[in-house]
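J.:
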Amino acid sequence: MVLRRSRKLCLYIDTRGGSTTKDRKVIKVSLKKEGKVVGSLSADNEYGSQALLPLILKLFRTYNPGLSSQIQSGIGSWDELEGIEVETGPGSFTGLRVGVSVANALGFALGIPVNGKKVETKLQYN
1 MVLRRSRKLC
11 LYIDTRGGST
21 TKDRKVIKVS
31 LKKEGKVVGS
41 LSADNEYGSQ
51 ALLPLILKLF
61 RTYNPGLSSQ
71 IQSGIGSWDE
81 LEGIEVETGP
91 GSFTGLRVGV
101 SVANALGFAL
111 GIPVNGKKVE
121 TKLQYN
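Everything in the sequence shown is counted per full-length UniProt numbering, starting at 1 for the first residue and increasing by one.
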């Protein structure tokens, strides 16, 4: 019999591309457990969307230090994830498209739901 950990984590992705300066974009990812943020990271660079997948992996490694070796060995430990929330706007079209595409790909691969959120929902990182 295989015991599976309870799924209680939700990944939040924000690639709207809020600018810190003229040419730099900010992307944010967070992990929520039972409605509370347990980890959050952001990246600020010229091509924010290119940093999304490495940032998600870094967030999971921070939350679960053994994850990197599990991923490399093909075991994976994403089974705690029960859903993904992704910002759908308003914001940079390319940034939003990348965020939604990554969220949908992860949701499909993990067999979990993906939900779009608008800025008006006032999701918080801290």
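We put the beta carbon where it would ideally sit given N, CA and C, even for glycine.
As the structure is a computational prediction, the values presented were derived from the model and not from experiment.
In this structure, does DSSP put Ile13 in helix, strand or coil?
T.: strand
J.: Taking contact to mean 3 or more Cβ pairs, one atom from each stretch, closer than 8 Å, check whether the segment 108 to 120 and the segment 78 to 85 are in contact.
T.: yes
J.: Between which two residues does the beta strand (DSSP E) containing Gly83 stretch?
T.: 81 to 87
J.: State the start and end residues of the unbroken alpha helix (DSSP H) segment that holds Gly95.
T.: 93 to 110
J.: Whole-angstrom Cβ separation of Gly39 and Leu31, contact assumed at under 8 Å?
T.: 4 Å
J.: Taking only the alpha-carbon atoms, compute the straight-line gap between Leu41 and Lys28 and give it to the nearest angstrom.
T.: 6 Å
J.: Flag Gly89 as yes if its beta-carbon sits less than 7 Å from any beta-carbon of chain D, otherwise no.
T.: This model lacks chain D altogether, as it is built from one protein chain only.
J.: In terms of residue numbering, what span does the beta strand (DSSP E) encompassing Lys36 cover?
T.: 36 to 45
J.: Can you say whether Lys25 is buried or exposed, counting buried as having 16 or more other CB atoms within 10 angstroms of its CB?
T.: Flag for Lys25 reads buried.
J.: Distance, Cα to Cα, Arg61 vs Leu9?
T.: 14 Å
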